[in-house]
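Chains as they are written, first to last, in the working numbering: chain Y, 18 to 341; chain U, 32 to 367. The beta-carbon is built from N, C-alpha and C at its ideal position, and this holds for glycine as well. Okay, so here's the structure we're looking at.
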């Protein structure tokens with residue numbers, strides 16, 4: 018168990034390093050940076066720009082800048098944002114937490130919905146609830162996440178039931194603890210719903226397919242012959258057998274969830290990594306671009322590790338493999 | 032192939048033919064503005080005039096501001112414009128070579144025919160939808176061709192050659208897959224120029240979308256190459272002295288082709304969506320050129336979002352197109 022965790026950790030660190038080198042190499046290809054935009058401005062003298070470039074080390078060769086950036090990662094600064102005039106690290110921390118909160122609530126909600134729905138469709142296979150479900154998931158699967166997010170936003174704006182934009186209301190700081198929680202939860206409803214609707218169809222399809230295989234397995238017939246009640250047979254036996262591919266799906270789905278989350282955050286104004294990245298790109302703020310990119314990679318790798326560990330806990334076959 | 036998949040394929044061909052013929056089918060140039068008619072609702076086609084007389088040729092009335100401007104527009108019944116076929120209008124390029132002026136339908140000047148309404152600058156939504164479809168749909172197709180070409184070439188090479196080539200290519204693929212794809216796409220886009228002419232932007236988008244996602248097809252192709260390499264007929268060919276290039280071309284590539292085709296049907300909608308998303312964020316095709324993404328971008332303003340339903344049309348048409356691609360992929364998979 019511990020060796021598995023260590024191996025996964027070492028692998029993730031190597032991947033993170035690789036991604037950072039790749040991103041840095043990309044910045045080398047970039048025509049123009051924050052200071053080039055500045056140079057176009059008549060109010061700023063070329064000497065000032067040159068001095069700023071020297072101060073932030075932009076005039077240094079890429080390898081040296083990369084090493085200095087690594088150094089700043091070690092201190093938690095993650096480079097310096099030119100547009101904000103402060104280290105990237107503190108800017109990033111809150112944003113990453115907001116994205117993490119959104120993504121984990123959405124994942125939880127989506128799975129809590131997908132499992133009963135998928136099991137239900139599999140049990141009702143071929144009958145009208147299943148057909149209706151298939152038609153709905155196919156439609157939802159073909160509806161772009163962008164359109165789902167915009168639809169929910171317009172519903173929220175029109176109905177006035179839900180606050181829109183941002184994560185908190187304007188008077189948030191003066192609220193009591195209970196009101197604060199309520200305010201946050203209300204702001205999160207629309208983005209979470211958009212994310213859930215985005216990942217739900219794929220999850221339901223997989224749960225359904227896995228359950229159909231499991232329900233057709235010989236051990237199910239044996240179980241029925243033993244007189245095990247249907248409900249226990251479905252949830253206690255078949256679902257357990259179908260769990261393995263579903264847990265690995267959890268790992269895969271985190272990647273698409275993060276991508277969707279970035280889109281939803283921008284549309285709904287949720288202050289996560291997504292809007293920060295977009296802002297950084299438009300300002301050509303080099304290190305501020307790297308920050309969210311690395312943070313999202315970290316989240317994805319952490320999610321995959323978590324899925325691996327869950328798989329290890331859920332499936333005895335994998336435990337034996339890992340021990341061998 | 033199943034019946035559904037065949038219908039889906041026909042539908043997709045029809046949609047693509049329609050957007051290719053955008054210049055002819057659209058009544059106006061996608062960039063022509065009518066500043067006096069922002070957010071005009073979709074035109075109402077009339078057959079019966081004020082006197083109760085029936086016309087077999089439909090007509091539209093001119094739009095004027097309602098007395099209370101907040102109420103939008105009202106029809107001016109005294110000025111009717113019949114819809115005519117094959118009218119002369121704004122010039123457009125056919126196949127990029129010669130210029131034509133004939134449009135399938137339209138109304139005489141100074142009338143305006145906005146079948147799907149107009150946007151905030153009074154540009155015809157239908158014309159923008161058709162021209163934007165050209166950009167969005169073909170960006171997806173070309174990007175898929177690029178990513179599948181690049182990915183399967185690298186994947187086949189890795190699977191066929193094995194050893195260090197395999198190790199290098201697959202480690203690199205792992206790096207690309209360690210990033211959430213939209214973040215990767217935006218990161219690559221971040222380091223490329225923001226403002227460029229539309230044609231260049233289009234090519235840039237296609238190459239960024241295609242190149243960034245080479246890893247997934249590469250993994251697929253590698254798996255197939257690995258298994259085909261060990262098949263008896265390939266070993267036989269090798270023992271007869273067949274070279275690597277011949278083996279890849281003759282034995283490995285045909286085996287990968289069907290999987291690649293299925294994959295294409297799944298990737299094209301994702302790439303169309305990638306273009307739409309980038310343009311929606313303002314990082315893709317820039318105004319005044321139309322793309323379904325930058326058309327949807329108008330919805331970022333709340334008043335557009337809730338007041339003008341016809342601004343949603345580019346998003347709505349994506350749904351049947353994507354459904355058709357998914358049905359096609361299911362059909363191709365069932366066949367394989």
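*For residue 320(Y), which residues of its own chain have a beta-carbon under 7 Å away from its beta-carbon, when the five flanking residues on both sides are left out?*
As a working note, residue 320(Y) is residue 303 in the first chain. Contacts found: 268, 271.
*Under a CB-based cut-off of 8 Å, is residue 63(U) close to chain Y?*
The residue given as residue 63(U) occupies position 32 in the second chain. With 8 Å as the cut-off, residue 63(U) does not count as an interface residue toward chain Y.
*Which residues, in order along the region 137 to 170 of chain Y, keep a beta-carbon less than 9 Å from a beta-carbon of chain U?*
Here the close residues are 155, 156, 158, 159, 160, 161, 162, 163, 164, 167, 168, 170.
*Does the region 170 to 183 of chain Y come close enough to the region 77 to 96 of chain Y to have 3 or more Cβ pairs within less than 8 Å?*
Not touching, per the Cβ criterion.
*Just mark residue 191(U) as buried or exposed, buried being the case when its beta carbon has 16 or more other beta carbons within 10 Å.*
In the second chain, counting from the first residue as 1, residue 191(U) sits at position 160. Buried.
*What residues in its chain sit with their C-beta under 8 Å from that of residue 310(Y), if we drop five residues either side in the sequence?*
Position 293 of the first chain, counted from the start, is the residue given in the question as residue 310(Y). Counting only residues of its own chain and dropping the five nearest sequence neighbours on each side, residue 310(Y) has a CB closer than 8 Å to the CB of 36, 40, 294.
_Quick check: what's the CA-CA separation for residue 123(U) versus residue 89(U)?_
As a position in the second chain, residue 123(U) is number 92, starting the count at 1. As a position in the second chain, residue 89(U) is number 58, starting the count at 1. Residue 123(U) and residue 89(U) have their alpha carbons spaced roughly 26 Å apart.
_Under 9 Å, CB to CB, which of the residues in the region 208 to 237 of chain U have a partner in chain Y?_
Result list: 208, 209, 210, 211, 212, 213, 214, 215, 216, 217, 218, 219, 220, 221, 222, 223, 224, 225.
*List the residues of chain Y whose Cβ lies closer than 9 Å to the Cβ of residue 346(U), in chain order.*
The residue labelled residue 346(U) in the question sits at position 315 within the second chain. Per Cβ cutoff of 9 Å: 160, 161, 163, 164, 167, 168.
_By DSSP's criteria, residue 130(U) is part of a beta bridge. Which residues make up the other side?_
Within the second chain, numbered from 1, the residue matching residue 130(U) stands at position 99. In the DSSP output, where bridge partners are listed per residue, residue 130(U) has 124(U).
_With a threshold of 8 Å, are at least 3 pairs of Cβ atoms found where one atom belongs to the region 34 to 50 of chain U and the other to the region 348 to 364 of chain U?_
Touching, yes.
*Should residue 205(U) be flagged as near chain Y, meaning a C-beta pair shorter than 8 Å?*
Your numbering for residue 205(U) matches position 174 in the second chain. At least one beta carbon of chain Y lies nearer than 8 Å to the beta carbon of residue 205(U).
*C-alpha gap between residue 118(Y) and residue 280(U), whole angstroms*: The count along the first chain starts at 1 and reaches residue 118(Y) at position 101. The count along the second chain starts at 1 and reaches residue 280(U) at position 249. Between the alpha carbons of residue 118(Y) and residue 280(U) lies a distance of about 49 Å.
*Are at least three pairs of beta-carbons, each pair with one atom in the region 261 to 273 of chain U and one in the region 195 to 206 of chain U, less than 8 Å apart?*
In short, these stretches do not touch, since the Cβ pair count stays below three.
*asked:* Looking at chain U, is there any beta carbon in it that lies within less than 8 Å of the beta carbon of residue 326(Y)?
replied: Here residue 326(Y) is taken as the residue at index 309 of the first chain, counted from 1. No, because no Cβ of chain U sits closer than 8 Å to the Cβ of residue 326(Y).
*Does residue 313(Y) get closer than 8 Å to chain U when you measure Cβ to Cβ?*
Stepping through the first chain from its first residue, residue 313(Y) is reached at position 296. Closer than 8 Å to some Cβ of chain U, the Cβ of residue 313(Y) qualifies, so yes.
*Would you say residue 264(Y) and residue 324(Y) are within 8 Å of each other, going by their C-beta atoms?*
Counting from 1 along the first chain, the entry for residue 264(Y) is found at position 247. Counting from 1 along the first chain, the entry for residue 324(Y) is found at position 307. Going by C-beta atoms, residue 264(Y) is nearer than 8 Å to residue 324(Y).
*Nearest candidate by alpha-carbon position, reference residue 319(U), set 162(U), 109(U), 133(U), 170(U)*: Start at 1 with the first residue of the second chain, and residue 319(U) comes out as number 288. The residue with the shortest Cα to Cα distance from residue 319(U) is 162(U).
*residue 233(U) to residue 342(U), Cα distance in whole Å?*
Residue numbering aside, residue 233(U) sits at position 202 when the second chain is read from its first letter. Residue numbering aside, residue 342(U) sits at position 311 when the second chain is read from its first letter. Roughly 23 Å between the two C-alpha positions.
_Which same chain residues end up closer than 6 Å to residue 165(U) when comparing Cβ atoms and leaving out the 5 residues on each side of it in sequence?_
Taking the second chain and counting its residues from 1, one reaches residue 165(U) at position 134. So the list reads 50, 53, once near-sequence residues are dropped.
_Quick check: what's the CA-CA separation for residue 112(U) versus residue 81(U)?_
Along the second chain, read from residue 1 onward, the residue named residue 112(U) stands at position 81. Along the second chain, read from residue 1 onward, the residue named residue 81(U) stands at position 50. So the two alpha carbons sit approximately 13 Å from each other.
*Listing by chain order, which chain U residues have their CB less than 7 Å from the CB of residue 114(Y)?*
Taking the first chain and counting its residues from 1, one reaches residue 114(Y) at position 97. Those within 7 Å of residue 114(Y) in chain U number zero; the least Cβ separation is about 17 Å.
_Test: residue 309(Y) CB closer than 8 Å to a CB of chain U_ = Position 292 of the first chain holds residue 309(Y). Residue 309(Y) belongs to the set of residues whose beta carbon lies under 8 Å from a beta carbon in chain U.
*Measuring alpha carbon to alpha carbon, tell me which of 312(U), 314(U), 72(U) ends up nearest residue 94(U).*
Residue 94(U) sits at position 63 when you count from the first residue of the second chain. When only C-alpha atoms are compared, the closest one is 72(U).
*For residue 314(U), which residues in chain Y fall below 9 Å Cβ to Cβ?*
If you number the second chain from 1, residue 314(U) lands on position 283. Listed along the chain, the chain Y residues whose CB falls inside 9 Å of the CB of residue 314(U) are 295, 298, 299.
_For a contact defined as C-beta to C-beta under 7 Å, what are the partners of residue 359(U) on chain Y?_
Walking along the second chain from the start, residue 359(U) turns up at place 328. Here the premise fails: no neighbours, minimum Cβ distance about 12 Å.
*Does the region 154 to 164 of chain Y come close enough to the region 339 to 359 of chain U that 3 or more CB-CB pairs lie under 8 Å?*
Because the criterion of three Cβ pairs below 8 Å is met, the region 339 to 359 of chain U and the region 154 to 164 of chain Y touch.
*According to DSSP, is residue 88(U) helix, strand or coil?*
Sequence index remark: in the second chain, residue 88(U) carries index 57 (1-based). Residue state, collapsed to three classes: strand.
*Pairwise C-alpha distance: residue 137(Y) and residue 259(Y)*: Residue mapping note: residue 259(Y) aligns to position 242 of the first chain, counting from 1. Residue mapping note: residue 137(Y) aligns to position 120 of the first chain, counting from 1. Each residue's alpha carbon lies about 14 Å from the other.
_contact_flag[the region 213 to 227 of chain Y, the region 119 to 128 of chain Y] where n(CB pairs < 8 Å) is 3 or more_ = They touch, by the three-pair rule.
*Residues of chain U with a CB under 8 Å from the CB of residue 280(Y): which are they?*
For this step, residue 280(Y) is matched to residue 263 along the first chain. Within 8 Å Cβ-Cβ: 213, 308.
_Cβ neighbours of residue 180(U) in the same chain (closer than 7 Å, five flanking residues each side left out)_ = In the second chain, the residue the question calls residue 180(U) occupies position 149. So no residue of the chain qualifies.
_Going by beta-carbon coordinates alone, are residue 168(U) and residue 307(U) separated by less than 8 Å?_
As a working note, residue 168(U) is residue 137 in the second chain. As a working note, residue 307(U) is residue 276 in the second chain. In this structure, residue 307(U) does not lie closer than 8 Å to residue 168(U) by Cβ.
*Do you know how far the Cα of residue 145(Y) is from the Cα of residue 278(Y)?*
Walking along the first chain from the start, residue 278(Y) turns up at place 261. Walking along the first chain from the start, residue 145(Y) turns up at place 128. Distance between the alpha carbons of residue 278(Y) and residue 145(Y): 33 Å.
*Please report how far the alpha carbon of residue 334(U) lies from the alpha carbon of residue 173(Y), in whole angstroms.*
By one-based count along the second chain, residue 334(U) stands at place 303. By one-based count along the first chain, residue 173(Y) stands at place 156. Their backbone Cα atoms lie some 13 Å apart in a straight line.
*For residue 183(U) and residue 120(U), the rounded distance between their alpha carbons*: Walking along the second chain from the start, residue 120(U) turns up at place 89. Walking along the second chain from the start, residue 183(U) turns up at place 152. Cα to Cα, the separation comes out at about 46 Å.
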